[in-house]
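S.K.:
In this note's numbering, the protein residues as written are 7 to 384.
(1) Taking only three categories from DSSP, how would you classify residue 116?
(2) Keeping to the same chain, check which residues put their C-beta closer than 8 Å to that of residue 210; ignore five residues upstream and five downstream.
(3) With three or more C-beta pairs closer than 8 Å as the rule, is the stretch 80-94 touching the stretch 225-239?
(4) Starting from residue 267 and walking both ways along the alpha helix (DSSP H), at which residues does that stretch end?
(5) Between which two residues does the beta strand (DSSP E) holding residue 174 run?
(6) Select from 233, 314, 173, 262 the residue whose C-alpha is nearest the C-alpha of residue 273.
(7) Can the beta-carbon of residue 283 be found closer than 7 Å to that of residue 305?
(8) At what residues does the alpha helix (DSSP H) containing residue 243 begin and finish?
(9) Alpha carbon to alpha carbon, what distance is there between residue 130 and residue 161?
(10) Enumerated in chain order, which unbroken segments of the beta strand (DSSP E) with a length of 3 residues or greater are wholly contained in the stretch 43-107?
(11) Please classify residue 235 as buried or exposed, where buried requires at least 16 neighbouring CB atoms within 10 angstroms.
(12) Taking its Cβ as the centre, do 16 or more other Cβ atoms sit within 10 Å of residue 356, making it buried, or is it exposed?
(13) Only counting the same chain, and skipping five residues up and downstream in sequence, which positions put a Cβ closer than 8 Å to that of residue 36?
(14) Which whole-angstrom value describes the C-beta separation of residue 208 and residue 103, a residue pair presumed to lie in contact below a C-beta threshold of 8 Å?
(15) On the three-state DSSP scale, how would you describe residue 12?
(16) Indicate whether the contact test is met: 3 or more Cβ pairs, each with one atom in the stretch 173-191 and one in the stretch 248-261, closer than 8 Å.
(17) Determine the DSSP secondary structure at residue 328, reduced to helix, strand or coil.
(18) In the DSSP assignment, find the unbroken alpha helix (DSSP H) run with residue 193 in it and report its ends.
(19) Identify, in the order they occur along the chain, each residue of the same chain with its Cβ nearer than 7 Å to the Cβ of residue 18, setting aside the five sequence neighbours on each side.
(20) DSSP three-state call for residue 207: helix, strand or coil?
(21) Are the CB atoms of residue 176 and residue 183 nearer to each other than 7 Å?
(22) Can you tell me which of 290, 63, 278 puts its alpha carbon nearest to the alpha carbon of residue 244?
(23) Do the stretch 65-72 and the stretch 283-295 make contact, defined as three or more Cβ pairs closer than 8 Å?
(24) Hey, quick one: how far does the beta strand (DSSP E) through residue 144 stretch, first residue to last?
(25) Output the distance between the C-alpha atoms of residue 326 and residue 297, rounded to the nearest integer angstrom.
(26) Considering only residues of the same chain and omitting the five flanking positions on each side of residue 54, which have a CB-CB separation below 6 Å?
(27) Between which two residues does the alpha helix (DSSP H) holding residue 286 run?
(28) How about residue 181 and residue 172: do their beta carbons lie closer than 7 Å?
(29) Quick check on DSSP: helix, strand or coil for residue 298?
(30) Can you tell me the Cα-Cα spacing of residue 20 and residue 142, whole angstroms?
(31) Roughly how many angstroms lie between the CA atoms of residue 307 and residue 221, to the nearest whole one?
(32) Kindly give me the distance between the Cβ atoms of residue 328 and residue 251, rounded to whole angstroms, as I take these residues to be in contact under 8 Å.
(33) Can you name the residues that DSSP bridges to residue 290?
(34) Consult DSSP for residue 133 and reduce its assignment to one of helix, strand or coil.
(35) Specify the secondary structure class of residue 347 as computed by DSSP and reduced to three states.
(36) So, for residue 16: in the same chain, excluding its five sequence neighbours on each side, which residues have a beta-carbon less than 7 Å away from its beta-carbon?
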C-alpha cells in the first residue's frame with residue numbers, strides 16, 4: 007500500500023474534513039506519513055474505528071513494543087498510555103476520589119468564572135475566544151481542582167503550551183521534562199502541606215496504606231488532568247462556539263429551547279470535536295481491519311473526527327444539527343468509558359451552566375469576527 011504524506015495536503019490542519027471524506031471514499035484504512043513518523047496507519051471509517059478501539063489486539067502501551075519502545079519518563083506512567091490491568095487499576099483509584107460531590111461543588115465556581123470572563127470581553131467589543139474564555143476557564147477550574155497555586159498559573163500555561171503546541175525552540179527545551187519536574191515539586195509541596203483538593207486526596211490515598219498511586223503514577227495522573235483534560239476542554243469550547251456562530255439557525259434554536267443543550271453538546275462532539283484522533287494504538291499481532299491487514303508492531307491512529315462525519319453512520323454528516331437523533335458515542339462504542347466526569351449526572355447538571363450555553367444565552371449580539379489561520383479551535 008502506498009504511503010500518503012499528510013504534509014503534502016494543503017490546509018489539512020485547518021480543515022481536514024474534505025480530505026477525510028476523500029480517504030473514506032477510497033477505503034477505511036490508510037498508511038500515512040507525518041512530521042513525527044515515516045509510517046502510521048490511519049483508520050477513517052466509523053465502524054472500523056469502533057472495532058479498533060474495542061479490539062485488545064491494539065495495545066496502548068508502547069513499552070510492550072519493539073519498534074516503538076522509547077525511554078520512559080514519569081509523565082508516561084498515565085492511563086492514556088497503559089493497557090489493562092494497569093489502566094483499570096489507575097482508573098479505579100482516581101474515580102474513587104473523583105466524586106459526585108467534588109464535581110457538583112465545581113458548578114457555582116464554573117458559573118462565576120465564566121461570567122467574569124464574559125463580562126471582561128464585552129467592553130473591548132472584540133476578543134480572541136481562546137485567550138479570553140476557552141483557555142483561562144478550564145485552566146482556572148482544573149488548577150483549583152488540583153490545588154495548583156495562583157502564582158504557578160502562568161508557569162503552567164507556558165509548560166502546557168510547550169507540550170501541546172510546541173514551537174521549534176520549545177521542542178529543543180524538553181517541555182515534557184520541564185513539566186515532569188514541575189509536577190514532582192508540586193506533589194512534594196502537597197505532601198508537606200495538603201489541602202482539600204484532588205491531588206492532595208490522591209496523595210493521601212497512597213500514604214495511608216493499601217493500594218495507592220506510586221510517585222510516578224501521581225505525576226502521570228496529574229499530567230493527564232492538567233494537560234490532556236485541559237486541552238480537550240479548550241477545544242470543545244472553541245469549536246462548539248464556532249459551530250454555533252457558523253450556524254445561526256442552530257444558535258437560535260438553542261436560545262429558544264435550553265432543553266436542547268445536552269443534544270447540542272453531543273452534536274458539537276460529533277461535528278467538530280475537541281480530539282481529532284484517539285491516542286496511539288500498537289498492533290500486538292497482524293490484524294485485519296476491513297480489507298487491510300495491519301502488520302504486527304505498527305502504530306495506529308483512529309481518526310475520531312473522520313468517524314464523526316462518516317455517512318455510513320450519520321445521515322447528512324456535514325450538517326450541524328443540534329436536534330439530531332442520538333447515536334452511540336465513542337465512549338459507548340468501545341465498551342469502556344473513556345472519561346469519568348462527562349458521563350456522570352453531576353457533570354451533566356454542571357454543564358448546563360457551562361461556557362457555550364452562557365455565551366449563547368447572555369450575549370445576543372455575539373458574532374464571529376475572524377479565526378486564527380490554520381487553527382480550527384478558535
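We put the CB at the ideal spot given by N, CA and C, even for glycine.
M.R.: In terms of the structure at hand:
(1) Here residue 116 refers to the residue found at position 110 of the chain shown. Note: residue 116 maps to helix in three-state DSSP.
(2) Reading the chain shown from its first residue, position 204 is the one you call residue 210. Here the set comprises 200.
(3) Enough Cβ pairs lie closer than 8 Å, so yes.
(4) As a first step, residue 267 must be located in the chain shown, where it is residue number 261. Its alpha helix (DSSP H) spans residues 267-278.
(5) Position 168 of the chain shown, counting from 1, holds the residue named residue 174. From DSSP, residue 174 is part of no beta strand (DSSP E) but of the alpha helix (DSSP H) over 174-178.
(6) To locate residue 273, count along the chain shown from 1; it is residue 267. Answer by Cα proximity: 314.
(7) Counting from one through the chain shown, the residue named residue 283 turns up at place 277. Counting from one through the chain shown, the residue named residue 305 turns up at place 299. No, these two residues do not count as a Cβ contact at 7 Å.
(8) Here residue 243 corresponds to residue number 237 of the chain shown, with the count starting at 1. Residue 243 -> alpha helix (DSSP H) spans 235-252.
(9) The residue labelled residue 161 in the question sits at position 155 within the chain shown. The residue labelled residue 130 in the question sits at position 124 within the chain shown. Each residue's alpha carbon lies about 26 Å from the other.
(10) Entirely contained in the stretch 43-107, the beta strand (DSSP E) runs reaching 3 residues are, in chain order, 46-49.
(11) Stepping through the chain shown from its first residue, residue 235 is reached at position 229. By the 10 Å Cβ count, residue 235 comes out buried.
(12) Counting from one through the chain shown, the residue named residue 356 turns up at place 350. Confidence at residue 356 is low in this model, with a pLDDT of 47, below 50, so its placement is unreliable and no value can be given for it.
(13) Taking the chain shown and counting its residues from 1, the one referred to as residue 36 is at position 30. So the qualifying residues of the chain are 7, 10, 29, 47, 48, 50.
(14) Within the chain shown, residue 208 is the residue found at index 202, counting from 1. Within the chain shown, residue 103 is the residue found at index 97, counting from 1. About 6 Å; that satisfies the 8 Å criterion.
(15) In the chain shown, residue 12 corresponds to position 6, counting from 1. In the structure shown, residue 12 sits in a helix (DSSP, three-state: H, G or I).
(16) no
(17) Within the chain shown, numbered from 1, the residue matching residue 328 stands at position 322. In the structure shown, residue 328 sits in coil (DSSP, three-state: anything other than H, G, I, E or B).
(18) On the chain shown, position 187 is the one that residue 193 refers to. Unbroken alpha helix (DSSP H) run through residue 193: 181-198.
(19) Position 12 of the chain shown, counted from the start, is the residue given in the question as residue 18. If we look at residue 18 and ignore the five residues flanking it on each side, its Cβ neighbours are 12, 25.
(20) Numbered from its first residue, the chain shown carries residue 207 at position 201. DSSP places residue 207 in helix when its eight states are reduced to three.
(21) The residue labelled residue 176 in the question sits at position 170 within the chain shown. The residue labelled residue 183 in the question sits at position 177 within the chain shown. No, these two residues do not count as a Cβ contact at 7 Å.
(22) Here residue 244 refers to the residue found at position 238 when the chain shown is read from its first residue. Cα-wise, what sits closest to residue 244 is 278.
(23) Touching, per the Cβ criterion.
(24) Here residue 144 refers to the residue found at position 138 when the chain shown is read from its first residue. Run containing residue 144: none in the beta strand (DSSP E); it sits in the alpha helix (DSSP H), 142-152.
(25) Counted from its first residue, the chain shown places residue 326 at position 320. Counted from its first residue, the chain shown places residue 297 at position 291. Their backbone Cα atoms lie some 31 Å apart in a straight line.
(26) Taking the first residue of the chain shown as position 1, residue 54 is located at position 48. For residue 54, where only same-chain residues beyond five positions count, the Cβ hits under 6 Å are 34, 295, 296.
(27) The residue given as residue 286 occupies position 280 in the chain shown. Counting along the chain, residue 286 falls outside any alpha helix (DSSP H), and DSSP gives it neither H nor E.
(28) As a working mapping, residue 181 is identified with position 175 in the chain shown. As a working mapping, residue 172 is identified with position 166 in the chain shown. Yes, they are a contact pair.
(29) One-based indexing of the chain shown puts residue 298 at position 292. Strand at residue 298.
(30) Position 14 of the chain shown, counted from the start, is the residue given in the question as residue 20. Position 136 of the chain shown, counted from the start, is the residue given in the question as residue 142. Looking at the two C-alpha atoms, the distance is approximately 23 Å.
(31) The count along the chain shown starts at 1 and reaches residue 307 at position 301. The count along the chain shown starts at 1 and reaches residue 221 at position 215. Roughly 30 Å separates the two Cα atoms.
(32) As a position in the chain shown, residue 328 is number 322, starting the count at 1. As a position in the chain shown, residue 251 is number 245, starting the count at 1. Going by Cβ atoms, the distance from residue 328 to residue 251 rounds to 13 Å, so no, they are not a contact pair.
(33) Sequence index remark: in the chain shown, residue 290 carries index 284 (1-based). The partner list for residue 290 (beta bridge, DSSP) is empty, contrary to what the question assumes.
(34) Along the chain shown, read from residue 1 onward, the residue named residue 133 stands at position 127. Shown here, residue 133 sits in coil according to DSSP, grouped into three states, outside any helix or strand.
(35) Your numbering for residue 347 matches position 341 in the chain shown. Confidence in residue 347 is poor, its pLDDT being 40 and thus under 50, which makes the residue's placement unreliable; the coordinate value appears in the next sentence. Three-state result, residue 347: helix.
(36) Along the chain shown, read from residue 1 onward, the residue named residue 16 stands at position 10. Excluding sequence neighbours, residue 16 sits near nothing in its chain.
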